[in-house]
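Asks:
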Amino acid sequence: MERIKRLLKEAGISDYIVNGYTERTAELFFVKKQLDTRRIKDVEKFKVTVYRTGEKDGAKLRAFTDVTVLEAQTDAEIIDAFRGAYFAAQFAMNPYYELPDPVIAPLIEAKGKLAEQAPEISAGEMAEALFSADHEKGAFVNSAEIFVIQKRVHVVSSAGTDVSWTEASVKGEYVVQAKEPEDVEMYRDFGGYTELNTAALTAHVKEALTFVKDRARAQRILKSGNYDVILSDENVMQTLWFYAERSEANMLYPGYSTWKVGDAVQGEAVGERIDLTLKVRQPYSDEGIPMKDLKLLENGVLRAVHGANRFCRYLGVEPTGSYRKFSCDNPGSMTFAAMKDRPCLWAVTFSGFEMDSFSGHFGGEIRLAYLIENGKATPVTGGSINGNIFEAQKDLAFSKERYSELSYDGPYAMLLKNIPVAGTDAE
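Next up, the structure:
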């Protein structure tokens with residue numbers, strides 16, 4: 056870090072933010088239950104954001120460019136990279152803004168087993184949890200990858216910021232397979248945990264094995280029409296993240312979103328009113344801004360604007376940093392069983408679920424869903440969901456059951472009314 060600061064000065068650069076990352080990662084790769092590859096990686100790298108000021112027609116301007124620096128590079132190579140970035144920045148000038156206010160604080164260390172024990176041990180424990188569910192008749196785990204990451208982040212800026220913290224997480228992905236009556240595979244990932252949550256991973260895999268068995272016998276009988284649709288786990292998370300994206304400063308300043316604090320952004324809802332909180336995953340943002348939990352929606356009303364330094368400065372609001380996690384605080388008005396006790400379509404997996412923060416459209420091509428009619432759930436595949444959150448938010452309900460991962464904590468399922476579905480008869 057001191058070397059980078061010295062070389063920035065030698066390159067004639069006075070405004071900067073440096074992010075130093077030191078990572079130790081344990082990686083396990085399995086083919087079925089057989090460990091195929093094991094890796095331990097220690098990586099240190101630095102992202103240097105170089106700022107340049109300018110002027111046009113009497114207006115002060117500012118631009119920035121990012122440079123990745125490795126310790127193995129020579130001083131001359133690093134200085135050349137800095138000067139090249141500084142030169143390039145002049146072609147991307149924007150209205151001027153101040154850098155984040157300076158903060159100096161001691162190292163904040165993450166606590167808990169995942170942060171404190173060797174990552175290769177944690178990876179082994181998570182692998183054991185993953186395969187402990189692999190005893191279903193008619194389905195099995197085809198392959199799996201597990202990553203345990205312990206990271207130290209150090210942020211230094213020319214304005215005087217000097218903060219650092221440690222964090223730990225585990226994430227991964229796996230493929231489940233069933234061979235009868237049709238040979239099918241389903242890809243699943245677990246977005247991650249900040250604790251060694253072995254029970255949650257076992258439950259995740261157990262559910263996936265059930266899903267892939269049903270996918271193998273799913274029928275292409277879905278008819279086009281409007282359905283009450285149930286979304287679950289990560290699809291709920293992706294849908295609700297719409298509200299975080301629409302209220303971010305980089306959406307508000309250019310006018311992509313017209314929301315303002317105090318707006319009833321859920322509209323005239325007859326169902327549950329949405330309560331969301333942006334949650335802290337790290338004590339400071341990558342720009343060195345102190346972060347704290349922030350109430351975003353209360354009873355469907357926008358309570359805060361958030362975002363990185365530049366666009367918050369443009370809007371004249373306090374920079375909050377960029378959030379990567381949120382919670383849906385609704386306790387849920389229905390059990391998941393009660394949600395399914397009606398004619399509806401529970402959409403489980405998609406070829407690629409999309410939530411468009413500009414238009415509000417959500418949906419995707421269905422890989423597995425359950426068509427529930429007359430108390431009977433029939434696995435179906437094919438067709439697609441084509442909803443719009445601006446309409447769907449007027450009448451929705453959340454499950455009492457909860458779902459938690461690295462980026463989300465909230466209801467496991469969400470019921471949306473009268474959603475357009477293109478069935479297999481339209482294909």
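In terms of the numbering used here, the sequence shown is residues 56 to 482.
Note that beta-carbon positions come from the ideal geometry of N, C-alpha and C, so glycine has one too.
Model, not experiment: these values are computed from the prediction.
#1: Just to confirm before moving on: does the CB-CB distance between Leu370 and Tyr308 stay below 7 angstroms?
#2: In the DSSP assignment, what are the bridge partners of Lys380?
#3: With DSSP run on the structure shown, which of helix, strand or coil describes Asp445?
#4: Is the separation between the beta-carbon of Lys226 and that of Gly247 shorter than 7 angstroms?
#5: Output the distance between the C-alpha atoms of Glu180 and Lys168, rounded to the nearest integer angstrom.
#6: According to DSSP, simplified to helix, strand and coil, what is Ala131?
#7: Check each candidate in Leu277, Val320, Lys166 and name the one with the smallest Cα separation from Glu250.
#8: Please report the Cβ distance between Asp330 and Asp384, rounded to the nearest whole angstrom; I am assuming they are in contact, meaning their Cβ atoms lie under 8 angstroms.
#9: Just tell me which of Ser462, Glu342, Lys334, Ser187 has its CA closest to the CA of Leu352.
#10: Would you call the stretch 230–247 and the stretch 190–204 in contact, with 3 or more CB pairs under 8 angstroms?
#11: Please confirm whether Ala178 and Thr257 have their CB atoms less than 7 angstroms apart.
#12: Would the beta-carbon of Ser459 fall within 7 angstroms of that of Ala468?
#13: Using a threshold of 7 angstroms, state whether the C-beta atoms of Gly419 and Ala477 are closer than that.
#14: Helix, strand or coil, according to DSSP, for Arg207 in the structure here?
#15: Of the choices Asp121, Glu428, Lys449, whose alpha-carbon is the least far from that of Arg397?
#16: Quick check: what's the CA-CA separation for Trp401 versus Ala424?
#17: Give every residue of the same chain whose Cβ lies closer than 6 angstroms to the Cβ of Cys367, excluding the five residues on either side of it in the sequence, and list them in chain order.
#18: When DSSP builds the beta bridges, which residues end up paired with Arg457?
#19: May I have the straight-line CA-CA distance separating Arg457 from Glu132, to the nearest angstrom?
#20: If you compare alpha carbons, which of Arg138, Ala214, Ser219 is closest to Tyr339?
#21: According to DSSP, what are the bridge partners of Ser439?
#22: Using only alpha-carbon positions, find the residue among Tyr311, Asp283, Val291, Asp318 that is nearest to Pro475.
#23: Should Arg93 go down as buried or exposed, given a rule of 16 or more other Cβ atoms within 10 Å for buried?
#24: Compare the beta carbon distance of Gly343 and Ser213 with 7 angstroms and say whether it is the shorter of the two.
#25: Hey, how far is the Cα of Val203 from the Cα of Tyr463?
#26: Quick check: is any heavy atom of the ligand SAM less than 6 angstroms from the C-beta of Ala165?
#27: Can you name the start and end residues of the beta strand (DSSP E) that Gly179 belongs to?
#28: Can you check which of these residues, Ala481, Lys96, Phe84, Glu153, is closest to Thr108 by C-alpha distance?
#29: Once you ignore the five residues that flank Gln205 on each side, which residues in its own chain have a CB closer than 6 angstroms to its CB?
#30: For Tyr152, does the three-state DSSP call read helix, strand or coil?
#31: What residue from Pro466, Asn473, Gly430 has the CA that sits closest to Asp447's CA?
Replies: Walking through what the data contain:
#1: yes
#2: Lys334
#3: First, the residue type needs correcting, since residue 445 is Phe and not Asp in the sequence shown. Helix at Phe445.
#4: Going by C-beta atoms, Lys226 is nearer than 7 angstroms to Gly247.
#5: Distance between the alpha carbons of Glu180 and Lys168 is about 11 angstroms.
#6: helix
#7: Lys166
#8: 4 angstroms
#9: Lys334
#10: yes
#11: no
#12: no
#13: no
#14: strand
#15: Checked all of Asp121, Glu428, Lys449; the closest Cα to Arg397 is Glu428.
#16: 5 angstroms
#17: Ala304, Pro374
#18: Pro466
#19: The alpha-carbon atoms of Arg457 and Glu132 are separated by roughly 51 angstroms.
#20: Ser219
#21: Note: Ser439 sits in a beta bridge opposite Glu420, Ala477.
#22: With respect to the C-alpha of Pro475, the residue from Tyr311, Asp283, Val291, Asp318 having the closest C-alpha is Asp283.
#23: exposed
#24: no
#25: 19 angstroms
#26: Because no ligand of any kind appears in the structure shown, any question about the ligand SAM cannot be addressed here.
#27: Note, Gly179: premise wrong, no beta strand (DSSP E); alpha helix (DSSP H) at 174–186.
#28: Glu153
#29: Arg79, Pro174, Ala223
#30: coil
#31: Reading off the sequence shown, one finds Ala at residue 447, where the question assumed Asp. Considering only Pro466, Asn473, Gly430, the residue with the shortest C-alpha distance to Ala447 is Asn473.
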